[in-house]
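Written out below as structure tokens is the structure these notes cover.
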Amino acid sequence: MNIILLGAPGAGKGTQASRISDTYKLPHISTGDIFRENIKNETPIGLLAKSYIDKGQLVPDEVTCKIVEERIAREDCKNGYMLDGFPRTIAQAEALDKITKIDLVINIDVDFSLLLDRLCGRRVCKDCGESYHISRLNGETNCSRCGGELYQRKDDNPETVQSRLDVYNAQTSPLIEYYTAKGLLFNVGGNTTPEAVFAEVSKKLDSMK
Ligand code: ADP
Ligand code: ZN
Numbered sequence: 096m097n098i099i100l101l102g103a104p105g106a107g108k109g110t111q112a113s114r115i116s117d118t119y120k121l122p123h124i125s126t127g128d129i130f131r132e133n134i135k136n137e138t139p140i141g142l143l144a145k146s147y148i149d150k151g152q153l154v155p156d157e158v159t160c161k162i163v164e165e166r167i168a169r170e171d172c173k174n175g176y177m178l179d180g181f182p183r184t185i186a187q188a189e190a191l192d193k194i195t196k197i198d199l200v201i202n203i204d205v206d207f208s209l210l211l212d213r214l215c216g217r218r219v220c221k222d223c224g225e226s227y228h229i230s231r232l233n234g235e236t237n238c239s240r241c242g243g244e245l246y247q248r249k250d251d252n253p254e255t256v257q258s259r260l261d262v263y264n265a266q267t268s269p270l271i272e273y274y275t276a277k278g279l280l281f282n283v284g285g286n287t288t289p290e291a292v293f294a295e296v297s298k299k300l301d302s303m304k
């Protein structure tokens, strides 16, 4: 099964993606993670991506589409995969339609008023990528899953978060209609806990087996 996870920054895509990936044995492809890995390793793609990501803007479609195309062509995606953070524009969705067939688009719907706090309070494990919110950490500085050190993403500051939300509204939210028209959209309310969201998502995925 080929799945797309859609939702605003802070909607909880990454959290759901790691659960879905573990439970349904689907490779988790996060364009954000791929860019961050390239930035860490100072590759040419990383250098280019950094200039956009630091401003809360999108990396150009040509670059992003090429990365995804190469990634889903790999052997481990033969029996399905899950995209997290891609597509983010109509042009990316159209490019994707040319190279693959999508079975389901899960849209995590969260009230905008919650997103700023979620993103600015987010801490991420540098080893496994798990996300936490400072309000639930009680001063803990390491990941409860793997022990890795927690850090704050450079783009999780109020100013950059605001541009990411603006970019989402202008460029990514039209995808909801795009996939609704194709009959592929599954909406799930994301104002609740990660557990409640995952319960709904897995009910849907189990019904498609
Ligand atoms: P979030 O969903 O929390 O905003 P991601 O980790 O998915 O974060 O992405 C971080 C940044 O990486 C984005 O703000 C954007 O600059 C870049 N990026 C990720 N995916 C894409 C994409 N599909 N197209 C263009 N830029 C992207
Ligand atoms: Zn971890």
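Here the numbering used here is used: the first residue of the sequence shown is 96, the next is one more, and so on.
Here a beta-carbon is modelled for each residue, glycine too, at the ideal position from N, C-alpha and C.
Note that the structure is a prediction, hence the values are computed from the model and not measured.
- Query: Is GLY234 near ligand 2, with its Cβ less than 8 Å from a heavy atom?
  - Reply: No, since every heavy atom of ligand 2 falls outside the 8 Å radius drawn around the Cβ of GLY234.
- Query: Roughly how many angstroms lie between the CA atoms of ASP204 and ALA103, to the nearest whole one?
  - Reply: ASP204 and ALA103: Cα-Cα distance of roughly 8 Å.
- Distance, TYR273 Cα to ALA106 Cα: Each residue's alpha carbon lies about 19 Å from the other.
- What are the boundary residues of the beta strand (DSSP E) that ASN97 is part of? Under the DSSP assignment, ASN97 falls in the beta strand (DSSP E) whose first and last residues are 97 to 102.
- For ligand 4, any of its heavy atoms closer than 8 Å to the Cβ of CYS223? The ligand content of the structure shown is limited to ligand 1 and ligand 2, which means ligand 4 is not among them.
- Meets three-Cβ-pair contact criterion under 8 Å: the segment 284 to 300 and the segment 106 to 126: With a cut-off of 8 Å on Cβ pairs, the segment 284 to 300 is in contact with the segment 106 to 126, counting three or more such pairs.
- In terms of residues, what are the limits of the alpha helix (DSSP H) holding ARG131? In the DSSP assignment, ARG131 falls within the unbroken alpha helix (DSSP H) covering 126 to 135.
- Message: Could you check whether the segment 151 to 166 touches the segment 174 to 190, counting it as contact only if at least three pairs of C-beta atoms, one from each stretch, sit closer than 8 Å?
- Response: Contact between the segment 151 to 166 and the segment 174 to 190 is present, because at least three Cβ pairs lie under 8 Å.
- With a cut-off of 8 Å on the beta carbons, I'd call LEU121 and LYS108 a contact; round off their distance for me. So it is not a contact: roughly 14 Å between Cβ atoms.
- Message: For a quick check, are the C-beta atoms of PHE281 and ILE197 less than 9 Å apart?
- Response: Contact: no.
- Own chain residues within Cβ distance below 8 Å of LEU210, not counting five before or after: In chain order, ALA103, PRO104, GLY105, ALA106, VAL256 and LEU260 place their CB closer than 8 Å to the CB of LEU210, counting only its own chain and leaving out the 5 sequence neighbours on each side.
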